[in-house]
Amino acid sequence: MKNDGHAAMNLNYLQEQEINEESDKQQNATFLMEDNCDSLGNIPDADSDDSSLAEEKIKKLLDEVCKQQTIIAQTSQALNLCAATIEFSGSTESVEGERHLLVATHRRQACLDEIQRLRVEKCLRPVGSLRDKGHLTVKEITIPLRQDYIRKLAADTISGHHLVCLLKYNEHVLATKTVPTLPGLLAVKFPDVLQMNNVYADFRVTLEIYGMTAQREILPHEVKYHINLNKKSGIKTPKKKAGENRLVMPPVQSPAGPNVVRTPALVQYGFAIFSLREIQRTTWTLTQVLGVSPLEGVVHMKVNCELSVLVEHRGFLTMYEDISGFGAWHRRWCYLNGSVLNYWKYPDDERKKTPIGTIDLYACRTQKVAVAPRDICARLNTMLLEFERPAKETDEESLIIVRNGRNTIVRYLLSADTKEERELWCAYFNKVLLLLRSWGQPQ
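Position one of the sequence shown corresponds to residue 1 (UniProt numbering), numbered consecutively onward.
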């Protein structure tokens with residue numbers, strides 16, 4: 001056949017894709033980072049709604065669309081070969097090809113949808129929305145199966161299904177590996193850990209579950225790939241004639257030809273949408289797409305969000321300290337990095353020594369940092385930060401230690417040199433606190 005060589009090349013392409021993904025997974029066992037996250041991760045963002053930045057992002061997305069179209073075309077050719085040969089019809093290679101086709105199809109469409117949004121809105125983010133981002137991690141995805149389906153699998157009356165999950169956020173699409181339903185198992189567990197970077201606090205992420213009916217492979221690996229067929233008989237294999245193809249073609253093939261672009265055979269069984277407010281949950285009800293599927297109707301998974309607070313500020317602050325019941329003010333060099341304020345005696349100590357102390361704003365209960373009330377501290381340009389922790393037997397009431405039932409309120413009094421510096425520090429502290437409240441406590 002004229003196109004057999006091209007089809008075989010695309011089958012090799014499919015196997016190379018699988019090998020490359022497995023190699024990447026071994027190098028980074030913690031996270032499964034799919035291709036388009038790397039290629040789209042450097043798309044610019046900014047604090048101002050600049051139409052030129054939107055145009056630049058559109059160009060990058062159009063490049064990604066072309067890349068995914070190439071993958072779709074090559075994978076389609078490989079799948080056409082699988083469908084046209086007895087050896088690979090319904091094989092594991094065919095299933096993996098369907099996964100590649102599904103992912104590429106959805107990535108292409110996600111990019112096109114984001115391009116359309118950018119052309120209409122002409123900005124990267126809506127005016128007034130938070131610009132700070134975080135990391136979203138989804139792991140331990142488990143999908144329970146229906147009881148009647150489990151019984152049929154155990155009785156070997158059905159061949160089972162192949163399942164795969166897609167995680168979608170704006171133009172980004174991540175995918176798990178394809179996992180089969182096996183007799184004796186009550187649920188399908190995906191070992192993948194999916195991580196999305198550059199996720200805004202107002203995110204809405206969709207988890208979609210796809211599947212296809214499994215087919216039992218009849219031919220062993222050696223027969224499928226025509227490996228060493230003549231070893232047992234001792235007959236030497238003659239040199240293959242140019243253009244000769246050993247793959248067994250069925251008498252009836254696709255009338256559209258070997259180059260037709262295919263639609264993924266993996267169909268959607270259900271989906272779940274979640275936002276920042278729901279990340280404490282571990283179980284979601286699936287919105288069913290198909291009336292009949294092997295899924296029970298829920299999905300279990302662990303979702304974790306971690307904020308990247310891009311805030312830095314340095315300067316001198318005079319800090320109130322209580323030593324053996326005696327209060328004293330000490331001038332400290334302070335460095336606010338993200339949600340942590342470290343302080344030293346001198347600026348040069350920042351590079352050479354460990355901090356004298358650390359204040360982690362994650363535990364701060366102050367709603368808005370401002371000038372300390374005069375009944376607490378009358379010193380000019382002094383800010384008040386309050387933290388609450390479980391009470392200790394050694395806690396003694398003072399200006400900065402206040403017993404509150406089973407808890408103790410710890411106060412930090414920080415004095416700036418000028419009103420302008422105090423306002424600047426307040427602005428940085430309040431920005432960090434606002435972001436921490438938006439994202440919640442780390443898990």
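Yeah, the Cβ is synthetic: ideal placement off N, Cα and C, and Gly gets one too.
Give every residue of the same chain whose Cβ lies closer than 6 Å to the Cβ of residue i, excluding the five residues on either side of it in the sequence, and list them in chain order.
i      : result
Ile279 : Val303 and Cys305
Gln68  : Ala104, Arg107 and Arg108
Thr137 : Gln195 and Asn304
Ala154 : Pro183
Ile209 : Cys165, Tyr269 and Gly270
Arg99  : Val164 and Thr178
So for residue i, helix, strand or coil by DSSP?
i      : result
Gly134 : strand
Val410 : strand
Lys352 : helix
Leu182 : coil
Glu278 : helix
Ala175 : strand
May I ask which residues mark the beginning and end of the alpha helix (DSSP H) holding residue i?
i           : result
Cys165      : Element bounds for Cys165: not the alpha helix (DSSP H) but the beta strand (DSSP E), His161 to Tyr169.
Cys66       : Ser51 to Ala84
residue 450 : The requested residue 450 is not part of the displayed model; the chain covers only 1 to 443.
Ala427      : Lys419 to Trp439
Asp148      : Gln147 to Ala154
Looking at residue i and the ligand NAD, is the gap between the Cβ and the nearest heavy atom below 7 Å?
i      : result
Leu336 : For the ligand NAD, the structure offers nothing, since it holds no ligand at all.
Looking at the secondary structure, which residues open and close the beta strand (DSSP E) in which residue i lies?
i      : result
Asp322 : Glu312 to Ile323
Leu385 : Thr382 to Pro390
Lys189 : Ala187 to Phe190
Leu307 : Val298 to Ser308
Ala328 : Phe326 to Asn337
Ala272 : Val267 to Ser275
Val199 : Leu194 to Tyr200
Asp360 : Gly357 to Asp360
Gly211 : Arg204 to Thr213
Arg403 : Ile401 to Asn404
Tyr343 : Val340 to Trp344
Thr263 : Run containing Thr263: none; DSSP gives neither H nor E here.
Applying the criterion that 16 or more other CB atoms from any shown protein chain within 10 Å of the CB defines a buried residue, is residue i buried or exposed?
i      : result
Ile323 : exposed
Ile115 : buried
Ser173 : The sequence given here has Val at residue 173, not Ser. Val173 should be labelled buried.
Arg277 : exposed
Glu96  : buried
Pro264 : buried
Gln147 : exposed
Phe271 : buried
Thr382 : buried
Gly134 : buried
Gln367 : exposed
Ile359 : buried
Lys59  : exposed
Phe429 : buried
Asn337 : exposed
Leu286 : buried
Got a sec? Which residues, its chain only, sit under 7 Å from residue i by beta carbon, not counting five neighbours each side?
i      : result
Ala54  : Leu118, Lys122, Cys123 and Leu124
Ala328 : Glu321
Pro347 : Trp333
Short of 8 Å in beta carbon distance, which residues of its chain neighbour residue i, apart from the five on each side in sequence? Order them along the chain.
i      : result
His161 : Pro180, Thr181, Gly211, Met212, Thr213, Ala214 and Pro294
Lys353 : Trp344
Thr186 : It should be pointed out that residue 186 corresponds to Leu in this sequence rather than to Thr. Within the same chain, Leu186 has close Cβ partners Pro144, Leu145 and Ile150.
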